[in-house]
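Counting from 145, one number per residue, gives the positions in the sequence shown under the numbering used here. The beta-carbon is built from N, C-alpha and C at its ideal position, and this holds for glycine as well. Below: one structure, written as structure tokens.
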Amino acid sequence: MTENAAGRFRYEAPRSVPAGLVEIRLRNDGAVPHKAQLWRISGNRSVAQAQRTGRPLPDWLNTAGGVALTEPGRTGTTVQTLAPGRYYVAGSGNERGVVAQLRATGTPTTGELPRAAARINAYDFAFRVSGLRPGRQAVEFRNTGAEPHHAYFAPMRAAATVADALRFFSGRGYVGPPPVDVDGTRETVVIEGRERQVTELDLPAGRYALVCFVRNRAGGPQHTELGMFQALTIR
């Protein structure tokens with residue numbers, strides 16, 4: 145992933161990879177944090193059609209994992225399974241003009257995800273978290289729900305609450321200095337229901353609001369409005 149002097153960035157990826165269990169690496173050569181969100185396109189639809197899609201998400205377009213938010217000058221890693229098919233890689237907001245395309249080919253290879261001491265279990269609509277510690281670590285991110293989810297970590301400032309953070313992010317009813325360190329946020333990519341991956345997260349010690357801002361495939365409110373948030377302390 146590269147970035148020019150004007151802050152415009154683009155992703156580079158191999159044209160094809162073997163389907164099945166793969167290791168995905170994001171090398172961030174830019175000046176700000178970036179992630180690599182994969183989308184899988186079925187049929188003969190184009191990337192341009194996929195980028196114009198809102199909610200509801202059509203059956204031919206699925207979030208497909210990728211690499212979590214990675215700091216400048218670092219390389220993030222994820223291990224997951226890629227089904228055979230066509231994919232594209234985009235960043236936060238699914239921006240136009242910065243994507244890379246690839247195809248997973250052949251009979252999927254078999255294998256098990258590597259073991260990770262830390263786990264984030266997302267379901268409809270809450271989290272279960274275990275084993276997280278300060279620092280860079282491998283985390284199994286598992287979506288046991290039916291809807292797509294991600295995990296967004298917002299460091300909370302002293303005396304701030306999750307309710308303060310939610311009001312701040314919604315833009316409704318919060319007055320005063322930001323209750324979270326916006327520059328210190330961390331997040332995974334979005335994965336569909338019944339999928340999982342082992343990805344790297346770098347989480348300093350402290351208090352976090354752990355939230356999911358994704359909406360259901362059919363649309364509707366963000367998952368925070370359905371109760372998918374919690375306070376989390378990492379120490």
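With a threshold of 16 other CB atoms inside 10 Å of the CB of residue i, please say whether the residue is buried or exposed.
i           : result
residue 172 : buried
residue 193 : exposed
residue 167 : exposed
residue 326 : exposed
residue 361 : buried
residue 368 : buried
residue 188 : exposed
residue 177 : buried
residue 343 : buried
residue 292 : buried
residue 275 : exposed
residue 156 : exposed
residue 234 : buried
residue 284 : buried
residue 266 : buried
residue 315 : exposed
residue 259 : exposed
residue 319 : exposed
residue 217 : exposed
The beta strand (DSSP E) spanning residue i covers which residue range?
i           : result
residue 271 : 270-274
residue 264 : 262-267
residue 155 : No beta strand (DSSP E) contains residue 155, which DSSP labels as neither H nor E.
residue 185 : 178-185
residue 318 : It is not in any beta strand (DSSP E) - residue 318 carries neither H nor E in the DSSP assignment.
residue 365 : 363-366
residue 205 : 205-214
residue 299 : 296-299
DSSP has residue i in a bridge; who is on the other side?
i           : result
residue 162 : 249
residue 341 : 285
residue 373 : 355
residue 169 : 221
residue 290 : Answer is none; residue 290 lacks a bridge partner.
residue 226 : 164
residue 346 : 280
residue 244 : 233
residue 324 : 300
residue 330 : 297
If you check the beta carbons only, do residue i and residue j fall under 8 Å apart?
i           : j           : result
residue 287 : residue 215 : no
residue 169 : residue 242 : no
residue 261 : residue 306 : no
residue 212 : residue 231 : no
residue 199 : residue 359 : yes
residue 310 : residue 357 : no
residue 204 : residue 186 : yes
residue 222 : residue 341 : yes
What are the boundary residues of the alpha helix (DSSP H) that residue i is part of?
i           : result
residue 192 : 191-195
residue 311 : 306-314
Notebook entry, point to check: Any chance the segment 180-195 sits against the segment 251-271, with 3 or more Cβ pairs inside 8 Å?
Noted result: Here the segment 180-195 makes no contact with the segment 251-271; the two share fewer than three CB pairs at distances below 8 Å.
Notebook entry, point to check: Can you find at least 3 beta carbon pairs, one from the segment 220-229 and one from the segment 158-167, that sit closer than 8 Å?
Noted result: yes
Margin query: With three or more C-beta pairs closer than 8 Å as the rule, is the segment 192-211 touching the segment 329-338?
Written below: Cβ pair count under 8 Å is three or more, so yes.
Notebook entry, point to check: On the three-pair Cβ rule with 8 Å, is the segment 346-359 touching the segment 275-284?
Noted result: With a cut-off of 8 Å, the segment 275-284 and the segment 346-359 count as touching, because enough Cβ pairs lie within range.
Notebook entry, point to check: Counting Cβ pairs closer than 8 Å, one from the segment 315-326 and one from the segment 289-306, do we hit at least three?
Noted result: yes
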